[in-house]
Every structure is written in C-alpha cells, then in structure tokens.
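Residue 34 is where the sequence shown starts when you use this note's numbering, and the numbers rise one by one after that. All C-beta atoms in this analysis are idealised placements derived from N, C-alpha and C, irrespective of residue type, glycine included. Worksheet for the structure shown next.
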Amino acid sequence: MKQLSGLDATFLHMETGSQFGHVSGLLIFSKPSPDYQPLPAWRAQVEQRLHLLEPLRRRLVEVPFGIDHPFWIEDPDFDLDFHIRHTAVPPPGGDEQLTELVARLIARPLDRRRPLWETYIIEGLADDRWAVLTKIHHATVDGASGAELTTMMLDLDPNGDEVPPPESDWKPERPPSDLEVLARAGISVARKPARALLLTARTARELGRATRNPVVVAAADQFRASLRGPLGTLLNIGRRRAAEPDEPPRLPSLRAPRTPFNAPITPHRKLAIRTTSLDAVKAVKNALGATVNDIVMAVCAGGLRTWLDDRGELPAEPLVAMIPVSIRTGEETERWTNRVSGLFAVLPTDEAEPFERVRKVHESMVNAKQMFDAMPAAALTDFAQFPPPAIFTRAMRMTSRLRLNERLPVNLVISNVPGPRQPLYAAGGARMEHYYPVSTIVDGQGLNITVQSYLDRLDFGLVACRELVPDLDRLADAIVEDLQGLCKAAGVDVPVVDLSA
Numbered sequence: 034m035k036q037l038s039g040l041d042a043t044f045l046h047m048e049t050g051s052q053f054g055h056v057s058g059l060l061i062f063s064k065p066s067p068d069y070q071p072l073p074a075w076r077a078q079v080e081q082r083l084h085l086l087e088p089l090r091r092r093l094v095e096v097p098f099g100i101d102h103p104f105w106i107e108d109p110d111f112d113l114d115f116h117i118r119h120t121a122v123p124p125p126g127g128d129e130q131l132t133e134l135v136a137r138l139i140a141r142p143l144d145r146r147r148p149l150w151e152t153y154i155i156e157g158l159a160d161d162r163w164a165v166l167t168k169i170h171h172a173t174v175d176g177a178s179g180a181e182l183t184t185m186m187l188d189l190d191p192n193g194d195e196v197p198p199p200e201s202d203w204k205p206e207r208p209p210s211d212l213e214v215l216a217r218a219g220i221s222v223a224r225k226p227a228r229a230l231l232l233t234a235r236t237a238r239e240l241g242r243a244t245r246n247p248v249v250v251a252a253a254d255q256f257r258a259s260l261r262g263p264l265g266t267l268l269n270i271g272r273r274r275a276a277e278p279d280e281p282p283r284l285p286s287l288r289a290p291r292t293p294f295n296a297p298i299t300p301h302r303k304l305a306i307r308t309t310s311l312d313a314v315k316a317v318k319n320a321l322g323a324t325v326n327d328i329v330m331a332v333c334a335g336g337l338r339t340w341l342d343d344r345g346e347l348p349a350e351p352l353v354a355m356i357p358v359s360i361r362t363g364e365e366t367e368r369w370t371n372r373v374s375g376l377f378a379v380l381p382t383d384e385a386e387p388f389e390r391v392r393k394v395h396e397s398m399v400n401a402k403q404m405f406d407a408m409p410a411a412a413l414t415d416f417a418q419f420p421p422p423a424i425f426t427r428a429m430r431m432t433s434r435l436r437l438n439e440r441l442p443v444n445l446v447i448s449n450v451p452g453p454r455q456p457l458y459a460a461g462g463a464r465m466e467h468y469y470p471v472s473t474i475v476d477g478q479g480l481n482i483t484v485q486s487y488l489d490r491l492d493f494g495l496v497a498c499r500e501l502v503p504d505l506d507r508l509a510d511a512i513v514e515d516l517q518g519l520c521k522a523a524g525v526d527v528p529v530v531d532l533s534a
C-alpha cells in the first residue's frame, strides 16, 4: 500500500457533480495499411507494458470516516478490457464529429472502484486515421509524469521498441480490511503534528527570506492597496500614498475582470482542436526577441480579445491567466505523484496592437516568474498533506455552493507543454500525427487552453463548459487567426497552415 500525498488527494476532493479530476489526451494516428486493426493493436501495446505502468494497475482504498488520505493498492481484480474501450464516429468522420464525441466522453467521471484511467479507440475518421482518447485522474499523475506515461505507451521505432521484461511477477494486493486501513492511517495521522511543525518552521524561514525580496514586497503592497471597504481602510491606515523613488516598480494588477466563462460550470463539456506551425511560432519569436511561450500567450490573448469583443463583452481590464508549473527536482522518491504549482500572469486582452501584446506578455511572465521564484512554492504545496479529507471535501463543496471560486483572481488556465520532436508510433507502425491536450475546468474558470508541441507543429486543445462557451470553435479560430496576423506583421515567411484536418 502507498498513501496518496495531500496534493494527489486534493484532485479527488475537488470533484463534484459538475467538475471532474481527470485530464485527457487525444492522439491521432494514421493507419500503416488499409487492413490495420487499431483495437487489438492498442490493447497488445498496453498489455506488453503494464509492468512498467504502475498508475494503470493501482486502485484506491478509502480510509473510513475520511480521517486521512486514501491509499493505492495493486488492483486484485484488474481487468484490462474494462479500461480499453472501442467506439467510432460515422465515417468519414471530421473534427466536428470527433470533438463532439470526445466532449461527451470526458464529461463522465472515472469509476473509483477501479484503477483511475480509461482509453477509447475511436474509428471512422477520414483519411485512414483513427484516434485514442486517454483519460487518467490527476490524483494519479501530474502533467510531467502524465506525458511520460503516455510516451511509455508508444514506440519510437515503427517496427516496435524492445520492451524490457518484468523483473518479477506482478502480484496483486489483497484489499485491506477497514481495521487494517485505520491502523495504517492512525500511524500517519499521529506523525502529522510533528511533520506540520517541521514544515511550518521550514516554510517560515523561506517566507522570511522571500519577504525581504523587493518583488514580494511590491506585490504585498499592491494587494493591500487594492483592498476596498472597511478591511481596506483598516489595513491602509498610515500607508504612504506616493511611492518613494527607491521603491521597486509596481507590479501589474492581478484583479481578474468578469467574463462569460467565470461562472459556475455544468457537467457538460465542449472541445475545440486546432494545429498551427511550430516553425512559424519560432520564426516570430526570433523576429521579436521573445520566447515560444510568449507568442503562445500573446496569440491566446489576441484570440480572446477578438472573441470577447465580438460578443460585446470585452473587459476594459486585462484578463489574468494561471500557468501550471512543475516543481519537480529530479530527487523525488515517488515517480508517479503530483509535484505541480502555478504562477499568475496578466494576459493583455486590453491591448489592440499585436507587437505590444507580445511585449506585455513577456514583461508579465518575467514578473510572474520572479514572484514564483521568490516564494517557497514546494513547501506551500506540501501543506495540502495536513487537512483531513472529510473536512477538505466539505470545504470544496461549500466553496462551490457559495460560488467562492468566482472571486479568485484568475480568469482561465493556459498551459504550453513541450512535447517530443521525434515521431511516435502505436503497435504495428501506426504513426502518431497529433497529440491534442484535453484538460479540465473548475467552477469559476470554465475555460482551459492547453498547447502541446509535437514534431514541427503546435496542437491546441480548448476545453470549456458547454453552456458558458457554446461557440468555442470560434474562439479557437480567433487564436489561429491572431497568429496568422502576427506572422504577417512580423514579415515571417513560414506559412501558418491549419493542420487539424
């Protein structure tokens, strides 16, 4: 038995009837021959590697009364055919039919009585293509380990990679009794006060160093200045109104304006996928002295600006994006767990000029990274270990009921994930053509934009609440059009081709 970390368990506690903790990926393959059979090929591929893919074999054991985080055990009733499923779109299926099917599949929670993953083989696509939709719970892996897990399911050689045999026979675990689980959890609970004291002392030291950092001081000063009402009046008593010449520059405001997607979400999902040229993005970033991530963020800002303006709902203030950040050090003792945090950056949707948007994104990301580097992100994340699950779950449900998520200083999540530059293959030589990320959304942030690079292309996956953003395809088009406009303005010769077909 292995116990989930506090952060792992958080992704279980966050689940409600409308928000789910799983993340997904949509992999598009081309058939190596007309008679190629995707289902048996994929099943054989996964079965051959099961001894290497620990997250696929383990299931949850809950602690009675929710007094501590659940445990993983090797599933004694593991059934590969339960997790590998077969479906299709009416041929010749296009992207619209595919995304509609995937949107419905990701709107179903995973069964906690089984290992927390599923894959769907999807046939019927045009041009001799087929797809795999992967669903795996965030409690099992984070973005970095999830990408590693997916890559381990695939081959680098079209003729198949050599898979090392298991070092020993796989032995499923006997499900423990409630008394055994309580006894194991009791030891963990007994140790928590001491661990909490040590973590608090370490975090206090790191926070002490951070609060002498001028970036953190400026951020705290800005936050206090932004407060309104009686609390703001009290905390601003005696505060200097004019900045001293030697004070650090003020950081941009992180107050998120309201948008159509900052509202409670329903269980229904919408998915849009697009592909653009990675070479075009690199050419633009070189021409403007920016980074690939700057360009991705800037075109997302431009697309959001166009989409909101077309609806007559463009805020005067810029939006605020949360960008997931891995805090892995390479020294973790547990490979398959969550080590992730996030930084917050201003998204210049209030800027009409495309070059100025890139400049403002770059400046915002520099400020956000300075703030992130100054704070003890890893230690603060570790505090998720201590709240009892029963309390955490009730707190999450109350947050949803009281709509507190709508008041957080974040409009949406944007993530840019670097992927493999060499082609990958499924069993039998089926070449992977695209890897569209399909992320999750939560109450108050009903839109997620994730970008995955693969070979010479960028694959965009946009996920939204169906009721809040019914025209998600229009937003995806606006992002691609903004990149095309940016390339033209920068004089980039690399064509921006929509490769999603």
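Name the two residues that bound the continuous beta strand (DSSP E) containing residue i.
i	result
THR167	162 to 170
LYS303	302 to 310
PHE53	Segment: none, PHE53 is in no beta strand (DSSP E) and carries neither H nor E.
GLU151	150 to 158
MET355	352 to 359
MET465	463 to 471
GLU107	104 to 107
THR483	480 to 487
GLY375	373 to 380
Use the C-beta contact count for residue i: other C-beta atoms within 10 angstroms, 16 or more gives buried, fewer gives exposed.
i	result
GLY50	exposed
LEU337	buried
GLY494	buried
ASP515	buried
ASP175	buried
ASP489	exposed
LYS35	exposed
GLU384	buried
PRO199	exposed
MET355	buried
ALA77	exposed
SER178	buried
ALA523	buried
ALA349	exposed
SER201	exposed
According to the Cβ coordinates, are residue i and residue j closer than 8 Å?
i	j	result
VAL446	GLN478	yes
HIS102	TRP150	no
VAL94	PRO209	yes
ALA331	VAL525	no
VAL79	VAL471	no
PRO442	LYS303	no
GLU107	ARG82	no
LEU143	TYR469	no
PRO387	GLU346	no
LYS318	ILE328	yes
Could you check where the alpha helix (DSSP H) with residue i kicks off and where it finishes?
i	result
ARG490	Taken as a continuous stretch (DSSP letters only), ARG490 belongs to no alpha helix (DSSP H), being part of the beta strand (DSSP E) at 490 to 498.
SER178	176 to 185
PRO88	87 to 90
GLN81	71 to 82
LEU138	128 to 138
VAL325	325 to 343
Cα-Cα, which of the options is closest to residue i?
i	options	result
LYS168	LEU182, GLU156 and VAL379	LEU182
PHE53	PHE44, LEU113 and ALA378	PHE44
VAL165	PRO71, CYS498 and ASN371	PRO71
PRO357	GLY179, SER448 and VAL325	SER448
GLY99	PRO123, LEU215 and GLN455	LEU215
HIS84	ASP492, TRP203, ALA121 and ASP188	TRP203
LEU138	VAL56, LEU519 and PRO297	VAL56
Hey, how far is the Cα of residue i from the Cα of residue j?
i	j	result
GLU213	ARG207	11 Å
LEU40	MET47	11 Å
GLN130	MET404	43 Å
GLY461	SER63	11 Å
TYR458	HIS467	11 Å
ILE154	ASP128	15 Å
ARG141	LEU380	31 Å
VAL196	GLU367	22 Å
ALA334	VAL513	11 Å
CYS498	ALA172	22 Å
PHE419	PHE104	Legend: pLDDT at PHE419 = 43, less than 50; position of this residue unreliable, value from coordinates given subsequently. If you take the alpha carbons of PHE419 and PHE104, they lie about 15 Å apart.
PRO290	THR309	29 Å
GLU396	THR339	22 Å
ASP112	PRO88	14 Å
ASP343	ALA511	10 Å
LYS393	ALA378	10 Å
ASP211	ASP188	42 Å
LYS521	THR382	20 Å
LYS170	GLU389	Residue identity differs from the one stated: residue 170 is His in this sequence, not Lys. When rounded, the distance between both Cα atoms is 39 Å.
Is residue i near the ligand HEM - that is, is its Cβ less than 7 Å away from at least one heavy atom of it?
i	result
VAL135	Absence of the ligand HEM is noted for the structure shown, with no ligands found whatsoever.
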